[in-house]
Amino acid sequence: MLGGSAEDVSIKEAGLRYEVDGEIATITLDRPEKRNAQTFATWSALARIGDNLPEQVRIVVVQGEGPSFSAGIDLRMFTPEGVPGQGSFSSVAQLDNVSFEQRIEQAQQGFLWLRRPEIVSIAAVHGHAIGAGFQLALACDLRIVADDVKFCMKEPALGLVPDLTGTKPLVDLVGTAKAIDICLTARFVDAEEAFRIGLAERVVSGAELTQAVRDKAAELLSTNRDAATATKRLLQGARGRTLEEQTAAERAEQAARIKALFAVS
Ligand code: ACO
Numbered sequence: 023m024l025g026g027s028a029e030d031v032s033i034k035e036a037g038l039r040y041e042v043d044g045e046i047a048t049i050t051l052d053r054p055e056k057r058n059a060q061t062f063a064t065w066s067a068l069a070r071i072g073d074n075l076p077e078q079v080r081i082v083v084v085q086g087e088g089p090s091f092s093a094g095i096d097l098r099m100f101t102p103e104g105v106p107g108q109g110s111f112s113s114v115a116q117l118d119n120v121s122f123e124q125r126i127e128q129a130q131q132g133f134l135w136l137r138r139p140e141i142v143s144i145a146a147v148h149g150h151a152i153g154a155g156f157q158l159a160l161a162c163d164l165r166i167v168a169d170d171v172k173f174c175m176k177e178p179a180l181g182l183v184p185d186l187t188g189t190k191p192l193v194d195l196v197g198t199a200k201a202i203d204i205c206l207t208a209r210f211v212d213a214e215e216a217f218r219i220g221l222a223e224r225v226v227s228g229a230e231l232t233q234a235v236r237d238k239a240a241e242l243l244s245t246n247r248d249a250a251t252a253t254k255r256l257l258q259g260a261r262g263r264t265l266e267e268q269t270a271a272e273r274a275e276q277a278a279r280i281k282a283l284f285a286v287s
C-alpha cells in the first residue's frame, strides 16, 4: 500500500503516541474517532520510531486506542481528493512502476523493523484489525488478543493485495491453505479461531489485555539480552535453512555466546 509524498509530520500528527519506559517502548495508534485508520504518514512515523529506537529497548508493544486496534488504510485514499498532503490512489496510479514500488517499499519500512532480533514486538490487539491493521499485528513477533478481536484481510475485497509485509508471517503462522482461505474470502477471524490456528498466542478479556501484555514483557525481559537476540536470530532463520545449516548456525551463535561469557582476556 502507498500514499503520496513522505511527509515528515510529527508522531502525534501521524496519529500515533509513543512512550519509552526503560526497556519497554509502547506505540499506540491514536486516532480512535477514525478507528485508528492508517495513512502514509503513520507508516513513515513508525519507520522513524524504528530508526531512533533507544538502544536499551528490548520490548516494543503496539496497541490501539478506542474501540478498534485499526480499521486499516484511511479510506480517503480511495477518493479523488485523497488524504491531504499524501495524495490518493488515483494520483499515485500515475507514477511509473519504479517510483510506485519505491513508495510501497517506504511504507513497508514502517513494519519491517518490528522483526529485528534485538527486540521482541508484541501486538496487543482488540476489536477490529482490518487490512493494514491486520498486517501491523502480523508484523509483530507475538499477538496477545482480546476476546472481541476480529482480524480481516480486506485488501482482496477492495481489488488490492496485502503489501504491508503481512503475507509471509501469515503463511508462516497458519500455513498456505488457511492463509488463502482468510485472504481470498476477506472474512473475519475471531479470537477463538485466531488462537486455534496460531495467529494469537493468548486470548484474554479486554479488561485484562494491558496486564497480559505487561506480564509477557516481564517474562521476556527475564532472559539474557544478548542470548535472546542470538536465539531470535536463530529461530527466524530456521525455516530458510536445512538442518545441517541450522546446526552450523547454532554452533556459531553459541561460540560467540560462550566467548562473550567465559573468555579470559
Ligand atoms: N478510513 C477512514 N475512516 C474510517 C475508517 C478507515 N479505514 N474506518 C472507520 N473510519 C471512520 C468512519 O468513517 C467513521 O467516521 P465518522 O464518525 O466521521 O463518520 C468512524 O471512523 C467510525 O467508524 P464506524 O464505521 O462508525 O465504526 P464502527 O465501530 O461501527 O465500525 C469498522 C468499525 C468495522 C472498522 C468500520 O469502520 C469499517 O469497516 N471500516 C473500514 C474498514 C476497511 O475497509 N479498511 C480498509 C482495509 S484495506 C487496507 O487496509 C489496505
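Residues 23 to 287 in the working numbering are what the sequence shown spells out, letter by letter.
Think of the CB as a built atom: it goes at the ideal place given N, C-alpha and C, for glycine as much as any other residue.
The structure presented is a predicted model; accordingly, all values stated were derived computationally and were not measured.
Measuring from the CB of residue i, is there a heavy atom of ligand 1 at a distance below 6 Å?
i      : result
Lys176 : yes
Ala208 : no
His150 : yes
Asp96  : yes
Arg57  : yes
Gly15  : Any question about residue 15 goes unanswered here, given that the chain covers just 23 to 287.
Ala93  : yes
Gly153 : yes
Ser66  : no
Ser90  : yes
Beta-carbon within less than 8 Å of residue i's beta-carbon, same chain only, minus the 5 sequence neighbours each way: which residues are those?
i      : result
Glu29  : With a pLDDT of 48 at Glu29, under the threshold of 50, the modelled position of this residue cannot be trusted; read the value that follows with caution. These residues qualify, in order along the chain: Phe62, Ala63, Ser66, Gly107 and Gln108.
Asp248 : Arg279 and Ala282
Ile102 : It is Pro, not Ile, that sits at residue 102 in the sequence shown. Result list for Pro102: Ser110 and Ser112, in chain order.
Glu272 : Leu256
Phe210 : Lys172, Phe173 and Cys174
Thr19  : Residue 19 cannot be examined here, being either before or after the span of the chain that is shown, 23 to 287.
Ala260 : Gln268
Glu76  : Reading off the sequence shown, one finds Pro at residue 76, where the question assumed Glu. The residues are Val42 and Ala47.
Asp96  : Lys56, Ala59, Gln60, Thr61 and Val105
Val196 : Ile204, Ile219, Gly220 and Leu221
Could you check whether residue j and residue i sit closer than 7 Å to each other, using their CB atoms as the reference points?
i      : j      : result
Met175 : Ile219 : no
Leu186 : Ala154 : yes
Val84  : Ile49  : yes
Gly132 : Leu68  : yes
Ala141 : Arg53  : A small correction: the amino acid at residue 141 is Ile; Ala does not occupy that position in the sequence shown. No. Outside cutoff.
Leu243 : Glu45  : yes
Ala216 : Ala222 : yes
Lys254 : Pro139 : yes
Ala199 : Val193 : no
Gly146 : Pro178 : According to the sequence displayed, residue 146 carries Ala and not Gly. Result no, Cβ atoms of Ala146 and Pro178 do not sit closer than 7 Å.
Ser143 : Leu134 : no
Under 6 Å Cβ to Cβ from residue i, same chain only, skipping five residues before and after it: list those, please.
i      : result
Gly188 : Gln157 and Leu160
Val226 : Ala234
Leu51  : Asn58, Gly86 and Ser92
Ile152 : Ala93, Gly94, Cys174 and Lys176
Tyr40  : Ile33, Ile49 and Ile71
Ala239 : Ile46 and Ile81
Ala168 : His148, Gly228 and Leu231
Gly88  : Pro54
Val31  : Ala63
Ala213 : Val167, Asp169, Val171 and Val225
Going by beta carbon distance, what residues of the same chain come within less than 7 Å of residue i, once the five residues before and after it are set aside?
i      : result
Arg224 : Ile166 and Ala234
Val183 : Glu177
Arg263 : Ala271
Looking at the C-beta of residue i, does it have a partner C-beta in chain D at a distance below 7 Å?
i      : result
Phe210 : You won't find chain D in this structure, because it holds only one protein chain.
>> Under 8 Å: do the region 113 to 129 and the region 54 to 68 share three or more Cβ pairs, one atom per stretch?
In response: yes
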